[in-house]
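Working notes for the structure below.
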Amino acid sequence: MEHEFKQLPVAPATIGSQPGPHTLRGNNTNFYANATEQTFNITLLAQEVHITATPTAYTWKYGDGTTLGPTPSHGAPLPQDRIGEPTKTSHAYTTTGKYTITLTTHYTGTYTVNNGPTLPIPGQGNIPSPPLHLTVWRAITRNYADNCNQNPTGTGC
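Residue 105 in our numbering sits at position 92 of the sequence shown, and the numbers go up by one each step.
Below is the structure:
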């Protein structure tokens with residue numbers, strides 16, 4: 014049954030980020046996965062088998078050598094006014110650049126044969142998601158004593 018489970022066309026989770034596709038160095042970037050329970054009906058040895066694949070853990074690779082997981086937390090989108098807060102799946106990049114974020118969703122399975130009792134499937138299916146590309150920028154804040162009307166040749170005018 015484990016072999017059959019690993020052969021199923023389980024749809025990968027989708028990855029989201031806030032902010033994205035650009036973020037700032039040193040700020041928390043919230044990552045989250047959208048994964049769903051999936052069911053399949055197959056015939057195996059002339060028996061009707063119903064299989065359920067349930068996402069139970071997630072492994073995040075943030076593209077800078079940092080890995081989180083496997084963790085049971087899939088994360089979630091934040092309200093607009095809370096973007097930048099740390100979350101269970103957020104990450105703060107220390108250097109600017111272009112990063113590729115990858116996610117592996119770990120699915121556990123159960124099955125029934127001919128509508129019999131539900132049984133666990135040994136092992137798990139590890140389904141990679143399409144990568145998410147993110148650019149990390151830096152921000153520089155400067156204070157000035159006068160504005161461009163007072164000093165038209167000043168920095169930033």
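We put the CB at the ideal spot given by N, CA and C, even for glycine. Quick caveat, the model's predicted, so the values are computed rather than measured.
Residue i classed as buried or exposed, judged by whether at least 16 other C-beta atoms fall within 10 angstroms
i, result
"N156", "exposed"
"W73", "buried"
"I153", "exposed"
"G129", "exposed"
Sub-8 Å separation of residue i and residue j beta-carbons
i, j, result
"Y112", "D77", "yes"
"E15", "P135", "yes"
"A70", "V23", "no"
"N54", "S103", "no"
"Q31", "L91", "yes"
"L116", "Y124", "no"
Rounded separation between residue i and residue j - CA only
i, j, result
"P68", "A158", "56 Å"
"Q51", "I140", "13 Å"
"H119", "G138", "6 Å"
Counterpart residues of residue i in DSSP-defined beta bridges
i, result
"S30", "F44"
"F53", "I64"
"G122", "A66, I134"
Residues near residue i in its chain [Cβ-Cβ closer than 7 Å; skip 5 each side]
i, result
"N40", "G97, A105"
"C161", "G167, C170"
"L57", "E17"
Close-in-space but distant-in-sequence residues of the same chain around residue i (CB under 8 Å, 5 per side omitted)
i, result
"T79", "H104"
"L37", "V149, W150, R151, A152"
Beta-carbon contacts of residue i that lie in its chain and below 6 Å, excluding the five residues immediately before and after
i, result
"P99", "N41"
Neighbour flag for residue i against chain D, beta carbons, 8 Å
i, result
"A59", "Among the chains of the structure shown, chain D does not appear; only one protein chain is present."
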